[in-house]
Amino acid sequence: MVYYGKLSKGCERCRLKKVRCDQRRPGCKRCEKSGTTCPGYRDLGQVMFRDESVRTIEKARRDAHVERFGVVQAERSQPQQTPVEQQMMASTAPSLEPSLSRSLQRPLGQMAADFFFNNFVVEGPILSDNNADFLVGIYRDHSDSAAFHAIEAVGLAGLSNVSRDYQLRFEAQKRYGQALARTNELLSDAHEATSDLTTMSVLLLGQYENVTVESWDQYNRLAVHIEGASALLKLRGEEQFERESGVRLYFAIRSQIVGKALQNSPIKRPRSSRGSMGDVYLQYINVIAAMRTALPLGTMDMQWLLKEVGGLENTLQAWRLGVYPDYNYTTVQVADTTPGHVCDLPSAYVPNRRRHVYKVKWSAHIWNKWRIMCIMLNKLKLDYGIAENTQQHEATIREASIDICLSVPSLMASSRLSRPGLLIPEF
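Residues 26 to 452 (my numbering) make up the sequence shown, in order.
Structure follows, in structure tokens:
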């Protein structure tokens, strides 16, 4: 996605006339005075960032072709040299090799923002951890904020992961340091500490730690961020639920808290429907916690474990049967491609040349949570020797893993070149 700069927030009529609009809702005062119906305001989040991945790829190919053609023409136009001249050139001229890299034409910060909004932001329902509109507003209107620097830090870290460019990681660390210093200043201010902008900064800093973690030894840094975010939610109190942005931030941080709880202790199971994915994850956390605290250590009631896992599997199936049609997906065949053509996944990584098509990216994330839980439950049965049919459970794990891979094209806004490479989900 490409950032096209600050756009006018005025209504369509005022923009066409290039006059100042007071942006009053539902209609501006200028339209009211002229006796015309105000046409309303556009969604800046939909027009400020545009996906130009295909155009960028084609331009890169054209530039590469011109560059190669230019080198060939230059070689052909050189006059033939005598052996003496060749020897003199070899002894006096430095050894030069044509550079394969070209300087980037776009600012590094803009590239980071493009990658962030293209790969880490999806649109979802109100009661979710989605903050797409809020993030777009931050990057557009708060260029001096901690969240602004954190957005670029996460984007650069993701770019560094997929390109294995350590210079990008260094730039990401610089922006992370700026965001962290600014966030600490905000947290020391009683008024600013509970603002949505500060909370988003804390959330993004935690996401940066999640993107850059390379081993379990570094997990403690992410855990510290989650503990701080949890304390911040308590400090914000009930007032955060009076606005949509506060609800979304709460859900986003709650997801991180639940993930951390999975590594430590059980949390209370809330009342929810039988087909709730959140209910399944909370039940799983309780089962794992009970297994870890079983005394004496190493002992476990296998009948109890089999019953609990069976109940979780039934709940998963109930969720699958009751999923809303808008959240479902279809399976299509992937067309054959030739080397150099653009496709969604390298052919070597497309099982049976299939892929999934989702109506919205959000549903792909939900289905992958369901598949991950299927994998964990079946692996739990295999690890503890309570699987009735080992081959069947292994087949279920493979099928869920393949389905996750088939969902990747719907989660990736830009296509990949048809060449073998390492697939890194969520960067």
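Using N, Cα and C, we set each Cβ at its ideal position, and we do this for glycine too. In this text, all values refer to a predicted model and were calculated from it rather than measured experimentally.
By the three-class DSSP mapping on this structure, what secondary structure does residue i have?
i: R273; result: helix
i: L32; result: coil
i: T219; result: helix
i: E37; result: helix
i: P450; result: At P450 the pLDDT is 39, less than 50, meaning the model places this residue with poor confidence and gives no usable figure here.
i: I397; result: helix
i: Y244; result: helix
i: S435; result: helix
i: D428; result: helix
i: L287; result: coil
i: A206; result: helix
i: G336; result: helix
i: R268; result: coil
i: Q48; result: coil
i: N311; result: helix
i: A412; result: coil
i: A118; result: Residue confidence is low: A118 scores 39 on pLDDT, short of 50, so the model does not pin down where it sits. Its coordinate-derived value is still stated next. A118 falls in the coil class under three-state DSSP.
i: F140; result: helix
i: N156; result: coil
i: R261; result: helix
i: K406; result: helix
i: G347; result: coil
i: S301; result: coil
i: F195; result: helix
i: C53; result: coil
i: R317; result: helix
i: E239; result: coil
i: Q105; result: Because Q105 carries a pLDDT of 48, less than 50, the predicted location of this residue cannot be relied on, and the following value inherits that uncertainty. Of the three classes helix, strand and coil, the one that applies to Q105 here is coil, per DSSP.
i: V227; result: helix
i: S280; result: helix
i: G253; result: helix
i: G134; result: helix
Which residues does DSSP pair with residue i in a beta bridge?
i: V357; result: R380
Apply the 10 Å Cβ neighbour rule to residue i and answer buried if 16 or more other Cβ atoms are within range, or exposed otherwise.
i: E57; result: exposed
i: R423; result: exposed
i: L247; result: buried
i: P51; result: exposed
i: W329; result: exposed
i: Q48; result: exposed
i: R207; result: buried
i: Q281; result: buried
i: D428; result: buried
i: A215; result: exposed
i: R345; result: exposed
i: S170; result: buried
i: A99; result: With a pLDDT of only 40 at A99, under the threshold of 50, the placement of this residue in the model should not be trusted; the figure read from the coordinates follows. By the 10 Å Cβ count, A99 comes out exposed.
i: T340; result: buried
i: G60; result: exposed
i: L32; result: exposed
i: P132; result: exposed
i: S188; result: exposed
i: T421; result: buried
i: N144; result: buried
i: K406; result: buried
i: I55; result: The amino acid occupying residue 55 in the given sequence is Arg; Ile does not appear at that position. Buried: at least 16 other Cβ atoms inside 10 Å.
i: G65; result: exposed
i: N414; result: exposed
i: P434; result: buried
i: S240; result: exposed
i: T224; result: buried
i: R93; result: Confidence in R93 is poor, its pLDDT being 43 and thus under 50, which makes the residue's placement unreliable; the coordinate value appears in the next sentence. So R93 ends up on the exposed side.
How close, in whole Å, do the beta carbons of residue i and residue j come, if the pair is a contact with beta carbons under 8 Å?
i: L181; j: A197; result: 4 Å
i: R378; j: T356; result: The pair is not a contact, with the Cβ atoms about 11 Å apart (cut-off 8 Å).
i: I411; j: M316; result: Not quite, the Cβ-Cβ distance comes to about 12 Å (not below 8 Å), so this is no contact.
i: A314; j: L260; result: Not confirmed; about 27 Å, so no contact.
i: A175; j: S226; result: 6 Å
i: H381; j: Y354; result: 5 Å
i: F140; j: G202; result: Not really, about 19 Å apart at Cβ, beyond 8 Å.
i: L402; j: V334; result: 6 Å
i: L230; j: L274; result: With a Cβ gap of about 13 Å, L230 and L274 do not count as contacting.
i: Y244; j: A178; result: Rounded, the Cβ-Cβ distance is 19 Å, inconsistent with contact.
i: F398; j: Y306; result: With the sequence shown as reference, residue 398 is identified as Met, and Phe is not the correct amino acid for it. Confirmed, about 7 Å.
i: I278; j: A254; result: 5 Å
i: W392; j: S432; result: 7 Å
i: Y352; j: S388; result: 4 Å
Any heavy atom of the ligand MG closer than 6 Å to the beta-carbon of residue i?
i: V359; result: This structure does not include the ligand MG; it has no bound ligands of any sort.
**Request:** Pick out the complete beta strand (DSSP E) segments inside the region 160 to 184, 3 residues or longer, and give them in chain order.
**Result:** none
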